[in-house]
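Chains as they are written, first to last, in my numbering: chain X, 1 to 267; chain D, 1 to 268.
Encoded as C-alpha cells, the structure appears first; notes follow it.
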Amino acid sequence: MVKMKASVEARNLTIYYGKQVALSDVTFQLGASETLLLLGPNGAGKTTLLRTIAGFHTQYTGELLIFGKKPEEAKELVSYVPQSHSLNENVPLTALEVVAMGAIYKRGLIHRKIPPEIEERALKVLSFVGLENVANKLFRNLSGGQKQRVLLARALVSDPKLLLLDEPLSALDPSARAEVTSVLDRIKKKKNIAMIITTHDINPLLEIGDKVMLINRRMIAFGKPDEALTDEIIKSVYGPMARAIKVEERLYCITGDFHIHVRRDRK
Amino acid sequence: MLRAILASITISVLLGLLSPLINMKGLAFLTHALFHALLFGAVLGMILGLVFNNLSLVMAVATLITVLIVLTIAELERLGFSSDSAVGIVASFVAGLTVLGFGVLYKLMAGRPYFPLTENVVSYLTGELFLITRENLLTLTGLGFAILLVLLLFYRDFLYISFDMEGVESYGGRARFYLVLLYVLVGLVGSLIVQSVGLVTLQVVAVLPGAIGLMVSDNLKKVVLTSLLVTLTVQLSSVIIAYFTSIPPSGIATIILGIVYGILLVRK
C-alpha cells in the first residue's frame, strides 16, 4: 500500500517575531485531504501559524513541511484566503477579476488582460461556489458572504492541494455563515484537498473538521474533535465559563466567542 | 503657447492615468515625500550645476535623487515599516538635508551671482509652463511616452497589488517588483513634470483627478477616463487663462481642481 504524503508536517515548530516567540512547540501531521480547525483566543497565534504555513513568515525553528517541501518551495500547492477586511475595496475590481487573480500569476510578468482560458476557469469556479450570476458585479458591492465565497473561488481557481482560511466566518451574519459553511462542506466533499481553517466560531465547522488544534501561544491540544475538545482543555484556554458539551452525541463548544448552531437535519 | 499646450497634454495623460492608482493604492503620502525628494534633488542639482557650470544637471540629479528616495521608502516598507512611517522617516530626513542644501546654495549664489539659476528655483516651486524649451518638451514627451507604455502594460498588476498585495504574492506574482515599479513611476513622473506644474501644486494635481474619478464612478474604465478628462480640461483651460491673465497656470489648475472636488464632496 502506498503511504499518502501528509499535507502538513510540523515538528517542534516555534515561530518568532524578531526575538519574541509568537508560538512554540507545535507538532502535528495533517493528511492530504483532511480538514484542520485551528482554534484559540485572540492573539493565540492562529494567523501566525497560518501565514508561516503559507510561506509568508519565515522566522521559525523546528521542521515544517508542506507536501514534503519547505513552505517557500510549496507556494504553488497552497492557496491562502485572508480575512476579507484586509483587502482594499477602493479598487473597483469585479468578482471575476478577483477570482482570475488566483490563476493569472502562474505565468508571465505582465498581465494586461485576463486570458480567455483563465476567464473560463474563473467562471467555472464561481459557479462552484454558487456565484456565477455576480461575475461582473463589483467585489465591494457584494454581501459579506458573497465576498467570502469569491475569495474561496479565487483560492480554488489555481487547483491548490492545501487551502488555508483565516477566519472565513468572522463578521458574517448567521445566514452568510451558513452559505460559507455549505461551500466549505462542498469543497471538502468534491475537491479532495486539505484545509486549515482558523475560527472563533467552531460549532458550525465541527461537521467538516477531521482534526482540531487548540493553541494559545503554544500547542495545547491536537486530535479528533471528540478527543481533543475536552471540557478541561476548553476551560484552560477560554476560562472557567467555557464548556464542551454533547447534545445527542454531537459536540458543542460554549465560550464567550462561540455560538451554538443546531444541525439542520436535527429536529 | 503651442509648447505649453503640448506639454499640458503630455502631463494630463500621465497624471490622468497615474492619479487613480495613487488614490487606490493610498500613495497620497508618497507624493508628499516626492515633494521633499524633488526639492532636495533640485537643490543638489543646482549646487552641482553651479559648481560645474551646467544647469542641465538639475533635472538629471533631481530624477536620480527622487528615484533613490522612493526606492528607500519601498525598502523600508519591505523591512516591515508601514507606508506612512517609511514616508515620514525619509521625508523628515530629506527635509533636513534640503535646508542644509539651501544654505550651501545661497553661499554659492552669493559668491557667484547667477540670474538664470534664480529663475530655475522659482520655476521649480510654482512651475513655468510657458518657459518650457523645445529640448524640455522633447524630453517630456519622449520619456512621458516610455512611462505611459510601462504604466499601461502593468496597469492590471498595479490594480491587483493595490487590492491585495499579499494575495498577489501568494498566487505567485512578484508583488514587490510591481510595488517598486509603481513607486519608481510615480517618482519619474514627478521629476518629469515638476518644472511644468510646480512643486507646490504637484501633490494636488497628482491626487485630485483620481479622487474625482473615484467619486463619480464605480467602473474602473470610467474612473480612469474621468481622471484623464478632468486633468486634460483643467490643464488646458489653466494654460489658456494663464496666457491672458499672466497668473501661473499651476495655481489656476490647483484652484479649479479644488473647486471641482469641493463641489462633488458637498453634493455627495
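Beta carbons: idealized from backbone N, C-alpha and C, even for Gly.
Model, not experiment: these values are computed from the prediction.
Using a Cβ-Cβ distance cut-off of 8 Å, determine whether residue i contacts chain X.
i: D/V223; result: yes
i: D/M24; result: yes
i: D/L185; result: no
i: D/G16; result: no
Looking at chain D, is there any beta carbon in it that lies within less than 8 Å of the beta carbon of residue i?
i: X/R266; result: The pLDDT assigned to X/R266 is 44, lower than 50, so where the model puts this residue is not dependable, and the model offers no usable value.
i: X/M101; result: yes
i: X/Y238; result: no
i: X/P82; result: yes
i: X/L138; result: yes
i: X/I260; result: Any reading at X/I260 is ruled out, since the residue's pLDDT is 44, under 50, leaving its predicted position unreliable.
i: X/R263; result: Confidence at X/R263 is low in this model, with a pLDDT of 49, below 50, so the placement of that residue should be treated as unreliable; the coordinate-derived value is given next. No, X/R263 lies away from the interface with chain D (no Cβ there is under 8 Å from its Cβ).
i: X/M1; result: Below a pLDDT of 50, predicted positions are generally treated as unreliable, and X/M1, at 46, falls in that range; the measurement from the model is reported next regardless. X/M1 does not count as touching chain D.
Using the beta-carbon of each residue, which ones in chain D are nearer than 7 Å to residue i?
i: X/A54; result: S170
i: X/S158; result: Y171
i: X/L163; result: Those do not exist, as X/L163 stays about 12 Å from chain D at its closest Cβ, beyond 7 Å.
i: X/L93; result: L159 and F163
i: X/L279; result: Residue 279 of chain X lies beyond the residue range present for chain X, which begins at 1 and ends at 267; the question has no answer from this structure.
Name the DSSP bridge partner or partners of residue i?
i: X/M219; result: X/I215
i: X/E117; result: For X/E117, which the question treats as bridged, DSSP gives no partner whatsoever.
i: D/R156; result: According to DSSP, D/R156 bridges with nothing at all.
i: X/R11; result: X/E63
i: X/S79; result: X/L163
i: D/M59; result: The partner list for D/M59 (beta bridge, DSSP) is empty, contrary to what the question assumes.
i: X/S24; result: X/R218
i: X/I104; result: Per DSSP, none; premise fails for X/I104.
i: X/K246; result: X/L251
i: X/K69; result: X/I66
i: X/T94; result: X/L138
i: X/L30; result: X/V8
Identify the contact partners of residue i in chain D, using a Cβ-Cβ distance below 8 Å as the criterion.
i: X/I197; result: Going along chain D, no residue has its Cβ under 8 Å from X/I197, so there is no contact; the nearest lies around 16 Å.
Got a sec, what are the start and stop residues for the alpha helix (DSSP H) residue i sits in?
i: D/A175; result: A175 to V197
i: D/Q235; result: L220 to T245
i: D/T139; result: R134 to L153
i: X/M241; result: Per DSSP, X/M241 belongs to no alpha helix (DSSP H) and is neither H nor E.
i: D/L264; result: P249 to R267
i: D/I89; result: S83 to G111
i: X/R154; result: G144 to L156
Taking residue i as the query, report the chain X residues whose CB atoms sit under 7 Å from its CB, ordered along the chain.
i: D/F154; result: I110
i: D/L220; result: P92
I need the boundaries of the beta strand (DSSP E) containing residue i, first residue and last residue.
i: X/Q59; result: It is not in any beta strand (DSSP E) - X/Q59 carries neither H nor E in the DSSP assignment.
i: D/M1; result: Segment: none, D/M1 is in no beta strand (DSSP E) and carries neither H nor E.
i: X/I197; result: A194 to T198
i: X/T181; result: No beta strand (DSSP E) contains X/T181, which is instead part of the alpha helix (DSSP H) from P174 to K191.
i: D/T31; result: Element bounds for D/T31: not the beta strand (DSSP E) but the alpha helix (DSSP H), A28 to V51.
i: X/T35; result: T35 to L39
Which residues in chain X have a C-beta closer than 8 Å to the C-beta of residue i? List them in chain order.
i: D/R3; result: By Cβ distance, chain X contributes nothing, its closest Cβ being about 32 Å from D/R3, past 8 Å.
List, in order along the chain, the chain X residues whose C-beta lies closer than 9 Å to that of residue i?
i: D/R273; result: With chain D running from 1 to 268 in the structure shown, residue 273 of chain D is simply not present.
How would you list, in chain order, the residues of chain D whose beta-carbon sits under 9 Å from the beta-carbon of residue i?
i: X/K75; result: E169, S170, Y171 and G172
Using a Cβ-Cβ cut-off of less than 9 Å, give me the residues of the region 157-170 of chain D that come near chain X, in sequence order.
D157, L159, Y160, S162, F163, D164, M165, E166, G167, V168, E169 and S170
If the cut-off is 9 Å on Cβ atoms, which residues from the region 15-30 of chain X count as contacting chain D, listed in chain order?
none
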